[in-house]
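A.B. asks:
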Amino acid sequence: MECKNFLSLIIVLIVLSVNNYSQKRITLPESTEKSGIIESVNWSALGTGINATVYAVLAVGTAVYAGGSFQSAGGVTVSNIAKWNGTNWSALGSGVNGTVQGLAYSGGNIYAVGSFNQAGGINARGVAKWNGTSWSAMGGGLYNDPKCIVVSGNDIYVGGAFTSASNDGVNFFTVNNVAKWNGSSWSALGSGTVGVNNTVYSLAMVNGILYAGGAFTSAGGNSASCVASFNGTTWSALGTGVNYWVYAITNYGSDIYVGGAFSSAGGNSASRIAKWNGSTWSALGSGLNGDCEEMIVVGEDLIVGGGFTTAGGVTVNRIARWDGSSWTSLGAGTNSTVRAFARSGGDLYVGGSFSQAGGNNVYYIAYAYGVYIAGAGLSLPVSGGGGTVSFNDDDNITAVSLNLNSGAGSGLVDIYRLESPPELLTKNITGNISNYRWIIESQGLATSFTGNVRFKVADIPNSGITDPSKITVYSRPIPGAGSFSSLTTSYDAVNGEIVASVTSFSEFVFASNDNPLPVELLSFKAEQLGDEVILKWITASEVNNFCFEVERNKLIDGVFDEWQRLGSVMGYGNSNSPKEYNFKDNLRNNPGTNIKYRLKQIDNDGQFSYSNIIELADIKPIAFILMQNYPNPFNPSTIISYQLPERSNVSLKLFDILGNEIATLVNEEKDAGAYDLELDISDYKLTSGVYLFRIQAGNFIAARKMVVMK
């Protein structure tokens, strides 16, 4: 029985995660079994770019701020800091008189740190605040060279290469490379021997704990090798630390990631990047072949930037993604060092010393769109006590709004609506659960607060919710791990919103016995066996499941093609027990080097939903193949595809029907893989008729006919 193309029912899964406003400058996926995915990454410039190195990038709503060591942005005269409004660059007053190393947002203000002593023409030693109109100092500032900044609630933490701070510009006190600003005055961190004994390059705030990375060997007077934590009272080492400098630090859940110039962590080999799980250090594969200068977690993936060209042995060109098990590139990367990241919805802003990104001229700052694939994505500033903030606009309908109390402070919030199931779902929830979710990430808000998250039922595509009043919201602290607990949930019938009370952002799930349940997918995997790919998937339970359609997408010449339907497998209808499925895909005539697969689950009533996407990378052809050109007949152009199972000297020639050679299309040594060649009749002045194209690769010889029809 053939599976038809219908629409599916889904309830709603919401995933939210916290990433405090951390990172060295400012601190953003395709995974084989993860649902936050990187598709084809497209790079573009921000106008005509900037004329020198960018060390810090910050995205606030639709605005992007860049800081560094430059005097021009988009042809506009600026002084080391500038703003991009989506169309044009502009100055922030008269700027600052030295390099900007870090940027942060809090309470409607932009904070800059760096090696300057004036901002907007007034004295501002190393740190200054821009309120949208004018610059102001923060006490007497920091002496001498702040390098990084992190916001947590109403407090601002700064790290760098400075020994003292001043609240009045006259009297100074020792802080030793890290200090806190509470809105009115500076203070040191710790008692007795305060701060750390050498430069701090990066800061991150995680669940009320401040993490610092740098060139120091002690913190609070205790031994700490280049990385340490501060709990508000005392400093602590992270095991035996790393053996050389740390330039970047961030977290995913309770795990701490550090990047820098080191070669070991906890006494174990770790090339320039490592993870601390609270008790031990571990490497991320074989790591990076050059320094890591910046990192940021988005969803379930880690994006890193620096001066490296390979990650885990994969060519990545200074920007890469770690999905928890392997490294992949973000398109063609950049042609020089990446030094800063900022995210906005599903997009990534990148700053550094490069002039090209993705092969395009961009000049020190670039915009990578389509980095994080979601149904919708939006980034907005949020202030506790500031009323309800809707995360919907004309282009992005996330169906979410937030209302937080004043204790939340202020910061940036990113919301992504994902049309894919959760990861590592442990079902300890009463009722039916969906495979639809959101990820919400905050930067700069307080560690804990009270408020609510509101979900507009009418704005959720194919929600499958028939009785919103019967929905209960569950949460777990870390996306993709641990058990769920129920939250206080209500239904606002006047506004059509499901309301969940929250004290922090985390992973949330809708569940109900009185609303329909789509298929609950436990796993979906692919494996190449010879000339076949074996797809296997398991469902935990099924309701109203008619069938699965299997779809494929191929990477050809660096670009993924359209999704194609391969076939279908009938479902079990209704089931409360695990069911196993499999499907075989023949690779013999598949020209793709990377292949993605997804399942389209279709209900008996015609509704449908998609599974997470899985990918097989570096598919190697198993035989020499010369494929029929497509289209055929053709006018004006056609594609000739061929496959090589091994490195070969390739000769591809074009002949007329009498055997006279017209052109040599390929004459070079090629690596194993799949290749496409576009043939245009205008290039060879072809007239209507029959032609032959012939390939010789090693001992393999094949020929096919093509027809030109004018």
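The opening residue of the sequence shown carries number 11 in the numbering used here; numbering runs sequentially from there. Glycine included, C-beta positions come from ideal geometry on N, C-alpha and C.
Which parts of the region 290-356 are runs of the beta strand (DSSP E), unbroken and 3 residues or longer, counting only runs that do not cross its ends?
C.D. replies: Within the region 290-356, the complete beta strand (DSSP E) runs of at least 3 residues are 291-293, 302-308, 311-316, 329-332, 337-339, 348-354.
A.B. asks: At the level of alpha carbons, what is the spacing between S621 and V509?
C.D. replies: In the sequence shown, counting from the first residue as 1, residue 621 sits at position 611. In the sequence shown, counting from the first residue as 1, residue 509 sits at position 499. The alpha-carbon atoms of S621 and V509 are separated by roughly 27 Å.
A.B. asks: Given that a residue counts as buried once 16 or more other Cβ atoms are within 10 Å of its Cβ, and exposed if not, what is T184?
C.D. replies: For the purposes of this step, residue 184 is identified with residue 174 of the sequence shown, where counting begins at 1. That one is exposed.
A.B. asks: In chain order, what residues of the same chain have a beta carbon less than 8 Å from the beta carbon of T398, not counting five sequence neighbours either side?
C.D. replies: Translated into the one-based positions of the sequence shown, residue 398 becomes position 388. Correct list, in chain order: S411, L412, N413, R464.
A.B. asks: List the residues that DSSP assigns as beta-bridge partners of A75.
C.D. replies: Reading the sequence shown from its first residue, position 65 is the one you call residue 75. Here residue 75 turns out to be Tyr, not Ala, going by the sequence shown. Y75 pairs with L68, K93.
A.B. asks: Is it true that the region 532-545 meets the region 479-499, where meeting means three or more beta-carbon pairs spaced less than 8 Å apart?
C.D. replies: no
A.B. asks: F518 to I450, Cα distance in whole Å?
C.D. replies: Numbered from its first residue, the sequence shown carries residue 518 at position 508. Numbered from its first residue, the sequence shown carries residue 450 at position 440. Answer to the nearest angstrom: the Cα atoms are 10 Å apart.
A.B. asks: Closer than 8 Å is the cut-off here; do at least three beta carbon pairs connect the region 137-153 with the region 224-231?
C.D. replies: The region 137-153, when compared against the region 224-231, does not touch it at the 8 Å Cβ threshold.
A.B. asks: As a quick exercise: from M637, E561, N52, F556, pick the residue whose alpha carbon is nearest that of I624.
C.D. replies: For the purposes of this step, residue 624 is identified with residue 614 of the sequence shown, where counting begins at 1. With distances taken between Cα atoms, I624 lies closest to E561.
A.B. asks: By DSSP, does D681 sit in helix, in strand, or in coil?
C.D. replies: Against the sequence shown, residue 681 aligns to sequence position 671. D681 falls in the coil class under three-state DSSP.
A.B. asks: So who's on the other strand from S162, going by DSSP bridges?
C.D. replies: Your numbering for residue 162 matches position 152 in the sequence shown. In DSSP, S162 forms a bridge with D165.
A.B. asks: Let me check one thing: in DSSP terms, what residues is V268 bridge-paired to?
C.D. replies: Numbered from its first residue, the sequence shown carries residue 268 at position 258. Beta-bridge pairing links V268 to I259, A284.
A.B. asks: Could you tell me the distance, in whole angstroms, from the CA atom of N61 to the CA atom of S212?
C.D. replies: Within the sequence shown, numbered from 1, the residue matching residue 61 stands at position 51. Within the sequence shown, numbered from 1, the residue matching residue 212 stands at position 202. Their Cα atoms are separated by approximately 25 Å.
A.B. asks: For T115, which three-state DSSP category applies?
C.D. replies: Position 105 of the sequence shown holds residue 115. Inspection of the sequence shows that residue 115 is occupied by Tyr rather than by Thr. It is a strand residue.
A.B. asks: Quick check on the DSSP output: the alpha helix (DSSP H) that includes Y694 runs from which residue to which?
C.D. replies: Within the sequence shown, the letter at position 684 stands for residue 694. Per DSSP, Y694 belongs to the alpha helix (DSSP H) from 691-694.
A.B. asks: So K93 packs on A73, CB below 8 Å; how close in whole Å?
C.D. replies: For the purposes of this step, residue 93 is identified with residue 83 of the sequence shown, where counting begins at 1. For the purposes of this step, residue 73 is identified with residue 63 of the sequence shown, where counting begins at 1. Rounded, the Cβ-Cβ distance is 6 Å, consistent with contact.
A.B. asks: Measuring CB atoms only, is the region 342-360 touching the region 309-318, in the sense that at least three cross pairs come out at less than 8 Å?
C.D. replies: yes
A.B. asks: Out of L56, T244, G105, which one is the CA nearest neighbour of I203?
C.D. replies: Walking along the sequence shown from the start, residue 203 turns up at place 193. In the sequence as presented, Ile is not what sits at residue 203; that position holds Thr. Out of L56, T244, G105, T244 has the C-alpha closest to the C-alpha of T203.
A.B. asks: Around the Cβ of I329, are there at least 16 other Cβ atoms within 10 angstroms (buried) or fewer (exposed)?
C.D. replies: Along the sequence shown, read from residue 1 onward, the residue named residue 329 stands at position 319. Buried.
A.B. asks: Note down, in chain order, each residue of its chain lying with its Cβ closer than 6 Å to the Cβ of A713, except the 5 sequence neighbours on either side.
C.D. replies: As a working note, residue 713 is residue 703 in the sequence shown. Same-chain partners within the cutoff: L702, R704.
A.B. asks: For I667, I'd like the list of residues in its chain whose CB is within less than 6 Å of its CB, leaving aside the five on either flank, ordered along the chain.
C.D. replies: Position 657 of the sequence shown holds residue 667. V700, listed in sequence order.
A.B. asks: To the nearest angstrom, report how far apart A247 and W291 are at their CA atoms.
C.D. replies: As a working mapping, residue 247 is identified with position 237 in the sequence shown. As a working mapping, residue 291 is identified with position 281 in the sequence shown. If you take the alpha carbons of A247 and W291, they lie about 12 Å apart.
A.B. asks: Any idea if V110 is buried or exposed, counting beta-carbon neighbours within 10 angstroms, 16 or more meaning buried?
C.D. replies: For the purposes of this step, residue 110 is identified with residue 100 of the sequence shown, where counting begins at 1. With 16 or more Cβ atoms within 10 Å of its Cβ, V110 is classed as buried.
A.B. asks: From what residue to what residue does the beta strand (DSSP E) around Y652 run?
C.D. replies: The residue given as residue 652 occupies position 642 in the sequence shown. Y652 -> beta strand (DSSP E) spans 647-654.
A.B. asks: For a quick check, are the C-beta atoms of N107 and F80 less than 8 Å apart?
C.D. replies: Within the sequence shown, numbered from 1, the residue matching residue 107 stands at position 97. Within the sequence shown, numbered from 1, the residue matching residue 80 stands at position 70. No, the pair does not count as a contact, with Cβ atoms beyond the cut-off.
A.B. asks: Just grab the DSSP bridge partners of W547 for me.
C.D. replies: Counted from its first residue, the sequence shown places residue 547 at position 537. According to DSSP, W547 bridges with F534, Y591.
A.B. asks: Cα separation between G361 and G112?
C.D. replies: As a working note, residue 361 is residue 351 in the sequence shown. As a working note, residue 112 is residue 102 in the sequence shown. Cα to Cα, G361 sits roughly 12 Å from G112.
A.B. asks: Less than 8 Å separating the beta-carbons of N505 and G461?
C.D. replies: Here residue 505 is taken as the residue at index 495 of the sequence shown, counted from 1. Here residue 461 is taken as the residue at index 451 of the sequence shown, counted from 1. Contact flag unset, no.
A.B. asks: Is it right to say G179 is buried, meaning 16 or more other beta carbons lie within 10 angstroms of its own, or is it exposed?
C.D. replies: Taking the sequence shown and counting its residues from 1, the one referred to as residue 179 is at position 169. The residue in question, G179, is exposed, as its Cβ has fewer than 16 Cβ neighbours within 10 Å.
A.B. asks: Against chain C, does T347 count as a neighbour if the rule is that its beta carbon must be under 8 Å from one of theirs?
C.D. replies: Checking the listed chains, one finds no chain C in this structure; it contains a single protein chain.
A.B. asks: For Q574, is the classification buried or exposed, using 16 other Cβ atoms within 10 angstroms of its Cβ as the cut-off for buried?
C.D. replies: Counting from 1 along the sequence shown, the entry for residue 574 is found at position 564. Label assigned to Q574: exposed.
A.B. asks: Do N523 and N614 come within 8 Å of each other at the CB atom, strictly closer than that value?
C.D. replies: Locating residue 614 in the sequence shown gives position 604, where the first residue counts as 1. Locating residue 523 in the sequence shown gives position 513, where the first residue counts as 1. In this structure, N523 does not lie closer than 8 Å to N614 by Cβ.
A.B. asks: CB-CB under 6 Å to V88, same chain, minus the five flanking residues each way: which ones, in chain order?
C.D. replies: Translated into the one-based positions of the sequence shown, residue 88 becomes position 78. Only A101, G105 meet the Cβ criterion.
A.B. asks: Mind checking who A726 pairs with in its DSSP beta bridge?
C.D. replies: For residue 726 there is no data in the structure shown, the boundaries of the chain being 11 and 720.
A.B. asks: In this structure, how does DSSP classify G708 when only helix, strand and coil are distinguished?
C.D. replies: Residue mapping note: residue 708 aligns to position 698 of the sequence shown, counting from 1. Looking at G708 - three-state DSSP - the assignment turns out to be coil, as it is neither helix nor strand.
A.B. asks: What are the residues that DSSP puts in a beta bridge with F703?
C.D. replies: Here residue 703 corresponds to residue number 693 of the sequence shown, with the count starting at 1. Beta-bridge pairing links F703 to L664, R714.
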